[in-house]
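Each remark here refers to the structure printed beneath this line.
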Amino acid sequence: MTYFKNVNDIQFEGLNSSNPLSFKIYNPEEKIGEKTMEEILRFGVAYWHTFTEDLSDPFGTGTAIRPWDKYQGMDLAKARVEAAFEFFEKLNVPYFCFHDVDIAPEGETLRESNANLDTIVALIKEYMKDSKTKLLWNTVNNFSHPRFVHGAGSSSSADVFAYAAAKVKKGLEIGKELGAENYVFWGGREGYETLLNTDMKLEMDNIGRLFHMANDYAKEIGFDAQFLIEPKPKEPTTHQYDFDVASGYAFLQHYGLEDIFKFNIEANHATLAGHTFEHELHYARIHNMLGSVDANQGHPLLGWDTDEFPTDLYTTVLAMYEILKNGGLGRGGLNFDAKVRRGSFAPEDLFHAHIAGMDSYAAGLKIAHRLIEDNVLENIIAERYQTYSEGVGKEIVEGNTDLHKLEAYALGLTKFNNHSGKLERIKATINQYILTTFSGQ
Ligand code: XLS
Ligand code: NI
Ligand code: NI
Numbered sequence: 017m018t019y020f021k022n023v024n025d026i027q028f029e030g031l032n033s034s035n036p037l038s039f040k041i042y043n044p045e046e047k048i049g050e051k052t053m054e055e056i057l058r059f060g061v062a063y064w065h066t067f068t069e070d071l072s073d074p075f076g077t078g079t080a081i082r083p084w085d086k087y088q089g090m091d092l093a094k095a096r097v098e099a100a101f102e103f104f105e106k107l108n109v110p111y112f113c114f115h116d117v118d119i120a121p122e123g124e125t126l127r128e129s130n131a132n133l134d135t136i137v138a139l140i141k142e143y144m145k146d147s148k149t150k151l152l153w154n155t156v157n158n159f160s161h162p163r164f165v166h167g168a169g170s171s172s173s174a175d176v177f178a179y180a181a182a183k184v185k186k187g188l189e190i191g192k193e194l195g196a197e198n199y200v201f202w203g204g205r206e207g208y209e210t211l212l213n214t215d216m217k218l219e220m221d222n223i224g225r226l227f228h229m230a231n232d233y234a235k236e237i238g239f240d241a242q243f244l245i246e247p248k249p250k251e252p253t254t255h256q257y258d259f260d261v262a263s264g265y266a267f268l269q270h271y272g273l274e275d276i277f278k279f280n281i282e283a284n285h286a287t288l289a290g291h292t293f294e295h296e297l298h299y300a301r302i303h304n305m306l307g308s309v310d311a312n313q314g315h316p317l318l319g320w321d322t323d324e325f326p327t328d329l330y331t332t333v334l335a336m337y338e339i340l341k342n343g344g345l346g347r348g349g350l351n352f353d354a355k356v357r358r359g360s361f362a363p364e365d366l367f368h369a370h371i372a373g374m375d376s377y378a379a380g381l382k383i384a385h386r387l388i389e390d391n392v393l394e395n396i397i398a399e400r401y402q403t404y405s406e407g408v409g410k411e412i413v414e415g416n417t418d419l420h421k422l423e424a425y426a427l428g429l430t431k432f433n434n435h436s437g438k439l440e441r442i443k444a445t446i447n448q449y450i451l452t453t454f455s456g457q
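Going letter by letter, the sequence shown gives residues 17 to 457 in this note's numbering.
Spelled out as structure tokens, the structure:
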């Protein structure tokens, strides 16, 4: 059956199109440098926000009107798969992502849940045969069910740890079965509410153990996806152990996991951590740890993970700048971990939201590509650090000096030649690039 009757295939129509159900900037075949937009951006649809979410919030029940509402249980799960592949095809999107519980209902027992998953995974595999859409990543939801009240890998109950581990095992098998390019760990409740009842060392050690077991099992079954952790500072816990990229990296290094994992960086999690999105991308990039991106945005006036579709062009420019400087996302992609607002409850809003996100990132890509081609920031940065390319600066960076020599040198210094940081000039230039990239089109 057809679920989105009012929507045809979404085509690129250019900036002057008045058709809301068209791409204005995202033109999958258009080359930006060596690669096409589709190859660089690697967009993914988040199954949970698009097909499972009912748009409830802490103050009210769901508002979403969905063409699959009339079904229940396994019939609902099957209808969602059918609708999902219609959606992927109409949006012409290369990837999707899911948690285990998004695709199939949990049963009374682990065995029953796994049987439900087997049925739906087989169905998804059938649809994938005739579809260009591939699995960017899958994960398991080890946070919603009441058994995970105290966490999963960090639970105070060893039985819960075992249950979580069993779900991860199944998740890895599903990833292999569907050819996932990455496997994500977002530790929904891997943190604490209060230190007053928490053995932080044991909890962190146990998460480290779970990650090693997952890596061993992936090797055992020949699942070669890139493992990713997705930092988030808080919510629902008061403190998550993978607070941000820097603390996540310290965690990975401490437990000998830094060669196994990279980061899946979510824009809204970055801002929740008190960082800019580009800070998190940059930190990961310079440590060769940038794996994939959950492309969304937070609301500046709300202090939680609002998971809005990304529409802020300034942010997409700076994000794409980091991604291009990284040489792309490799096996990662731009997954829209984003939901339509509670008031945008119509089925078509799902298309409008993805179009907005895809066009915003396509704009970011085009603008960032020009900034890099023209070395706009590179020239300013090279000039700013120029003192390290000769004399005492060169000796510092090459490790050819010590405190004695530096003291002798400093005793002879009478004036310092610091130069302007030029921030306002830089911002004005970025604005110019944002505007001129599309003028004349
Ligand atoms: C929640 C996370 C979640 C992960 C996948 O805040 O962003 O959606 O991306 O478990
Ligand atoms: Ni996410
Ligand atoms: Ni999130």
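The beta carbon of each residue, even a glycine, is placed where N, CA and C say it ideally should be.
Less than 7 Å between the CB of residue i and some heavy atom of ligand 2, yes or no?
i      : result
Trp202 : yes
Asp116 : no
Asp353 : yes
Asp240 : no
Asp310 : yes
Hey, would you say the C-beta of residue i is under 7 Å away from at least one heavy atom of ligand 3?
i      : result
His285 : yes
Lys248 : yes
Glu282 : yes
Asp323 : yes
So, is residue i buried or exposed, given that buried needs 16 or more other C-beta atoms within 10 angstroms?
i      : result
Gly238 : exposed
Met336 : buried
Gln269 : exposed
Phe75  : exposed
Glu394 : exposed
Asn35  : exposed
Phe432 : exposed
Thr18  : exposed
Phe325 : buried
His435 : exposed
Glu406 : exposed
Thr322 : buried
Lys183 : buried
Gln242 : buried
Lys86  : exposed
Can you tell which of the options has the C-alpha that lies nearest to the C-alpha of residue i?
i      : options                        : result
Ala230 : Thr327, Ile442, Phe454, Ala180 : Ala180
Val156 : Lys421, Thr77, Ser129, Val392  : Ser129
Ala289 : Asp310, Glu142, Gln256, Glu189 : Gln256
Glu193 : Ala234, His166, His65          : Ala234
His285 : Thr403, Lys183, Trp202, Asn304 : Trp202
Ile26  : Arg82, Ile446, Asp260, Leu366  : Leu366
Ile446 : His315, Tyr330, Glu324, Glu189 : Tyr330
Leu152 : Gly167, Val109, Ser173         : Val109
Leu345 : Lys278, Ala369, Glu46          : Lys278
Glu122 : Glu98, Asn158, Pro44           : Asn158
Phe28  : Asn22, Thr149, Lys21, Glu46    : Glu46
Glu50  : Glu399, Ala362, Gly343         : Gly343
Thr77  : Phe361, Gly415, Ile412, Glu423 : Phe361
Ile276 : His228, Ile223, Ser160, Thr210 : His228
Look at residue i and residue j and say whether their C-beta atoms are less than 8 Å apart.
i      : j      : result
Tyr299 : Ile383 : no
Cys113 : Tyr42  : no
Leu350 : His385 : no
Glu294 : Glu246 : no
Leu244 : Asn280 : yes
Val137 : Ile56  : no
Ala379 : Thr332 : yes
Asn198 : Arg301 : no
Arg205 : Phe259 : no
Ile442 : Ile396 : yes
Met53  : Leu381 : yes
Phe103 : Thr66  : yes
Glu142 : Lys355 : no
Rounding to the nearest angstrom, what Cα-Cα distance links residue i and residue j in this structure?
i      : j      : result
Glu105 : Tyr111 : 11 Å
Glu274 : Leu297 : 17 Å
Lys217 : Ala178 : 19 Å
Thr327 : Phe454 : 16 Å
Gly30  : Phe39  : 7 Å
Leu71  : Thr79  : 6 Å
Leu427 : Gly264 : 42 Å
Thr125 : Glu219 : 26 Å
Glu251 : Gly187 : 23 Å
Asp118 : Asn154 : 10 Å
Gln457 : Ile371 : Because Gln457 carries a pLDDT of 47, less than 50, the predicted location of this residue cannot be relied on, and the following value inherits that uncertainty. Straight-line Cα distance between these residues: approximately 19 Å.
Phe352 : Asn312 : 6 Å
Leu318 : Leu439 : 28 Å
Asp73  : Thr149 : 30 Å
Could you check if residue i belongs to the surroundings of ligand 1, using beta carbon to heavy atom distance under 7 Å?
i      : result
Thr155 : yes
Asp260 : no
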